[in-house]
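**Q**
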DNA sequence: ATGTCATCGCGTCGATGA
């Protein structure tokens, strides 16, 4: 008798409409139960809902024109729990970067899934970098509240943070980049130190296991990549973690995103 | 050193973000 299992993925698609054939092909190939998408680059009305539903997935969408935008796809029952991050002062994040849902897993389990697209933060010395750090602080506050629920919680997304020097090809080349700043990496560590587990590090941890390769300067053929797409798991989710897969070949396909999907398998 | 890609606007290219 097999135990109830859940395969959850994160995929920064860099425009869901430009990537639709690629996305559908990967869904058919990998068959994930839940998928967190980032950088939709479209408003809710332009989200390709029919094609996604025809593939067997319901979708909740937090879209935005031109930039950002996140969605969660699920072939299990799903209920939206939050759109956007709370600011604490009544303000709303003007950028669509956060979406949270409750997923019902066979066997009576509920898994809370947060899809997030952390700010890039470049260039340094601008309000963009300040916004990145503020956003991570706000996320930390929200996650503290979620951890108190003591539920299986999966934070999945494009974190725009390179955790270790081994998570890039040439650390020196990233020294002046927001993704590799000490403040950015400290924000990631602070979040994990609340009691979360980096899923990839827990089951693999290999050096140079990249999830993103820039379109420019032949980054893909030179394997000049970075690991920035991560899963952070609550203790209840980490206990269920079986494996993590980085879908590297997807980067080499026609009209590829600059990110590849990453999936995690949980067994309850 | 960027050898790129996607979107928008009033447009057949430049600006912007990544």
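In this note's numbering, the protein residues as written are 55 to 322.
A virtual CB, placed ideally from N, CA and C, is assigned to each residue, including glycine.
If you're wondering where the values come from, they're calculated on a predicted model, not measured in any experiment.
Comparing C-alpha positions only, which one of 86, 304, 147 sits nearest to residue 313?
**A** Looking at the Cα atoms, 304 is the closest of the given residues.
**Q** If you drop the 5 nearest sequence neighbours on each side, which residues of the same chain put their C-beta closer than 7 angstroms to that of residue 246?
**A** Cβ neighbours of residue 246 beyond the five flanking positions: 252, 286.
**Q** If you compare alpha carbons, which of 152, 161, 201 is closest to residue 135?
**A** Comparing Cα-Cα distances from residue 135 to each of 152, 161, 201, the minimum goes to 152.
**Q** Measure the beta-carbon distance from residue 248 to residue 197 and round it to whole angstroms, keeping in mind my assumption that it falls under 8 angstroms.
**A** Indeed, because the Cβ distance is near 6 angstroms, the residues count as touching under 8 angstroms.
**Q** Looking at residue 220 and residue 261, is the spacing between their C-beta atoms short of 8 angstroms?
**A** Yes; because the gap between Cβ atoms is below 8 angstroms, this pair is in contact.
**Q** If contacts are defined as beta-carbon pairs under 8 angstroms, then residue 170 and residue 291 qualify, I think. What distance do you get, rounded to the angstrom?
**A** Between residue 291 and residue 170 the Cβ distance is about 15 angstroms, and since that is not below 8 angstroms, they are no contact.
**Q** Classify residue 93 as buried or exposed, calling it buried when 16 or more other Cβ atoms lie within 10 Å of its own Cβ.
**A** Buried, because 16 or more other Cβ atoms sit within 10 Å of the Cβ of residue 93.
**Q** Any chance the stretch 99-109 sits against the stretch 144-159, with 3 or more Cβ pairs inside 8 angstroms?
**A** Touching, no, given that fewer than three Cβ pairs across the two stretches are closer than 8 angstroms.
**Q** Could you say which of 317, 282, 283 lies nearest to residue 298 if we only look at CA atoms?
**A** The candidate whose alpha carbon is nearest that of residue 298 is 317.
**Q** Sort 294, 172, 72, 204 by Cα distance to residue 216 and report the nearest one.
**A** Looking at the Cα atoms, 172 is the closest of the given residues.
**Q** To which residues does DSSP link residue 61 through a beta bridge?
**A** Answer is 319, bridged to residue 61.
**Q** Per DSSP, what kind of secondary structure is residue 314 in: helix, strand or coil?
**A** Three-state result, residue 314: coil.
**Q** In three-state DSSP terms, what is residue 102?
**A** DSSP places residue 102 in coil when its eight states are reduced to three.
**Q** Which same chain residues, not among the five before or five after residue 97, have their C-beta less than 6 angstroms away from its C-beta?
**A** Within the same chain, residue 97 has close Cβ partners 117, 119.
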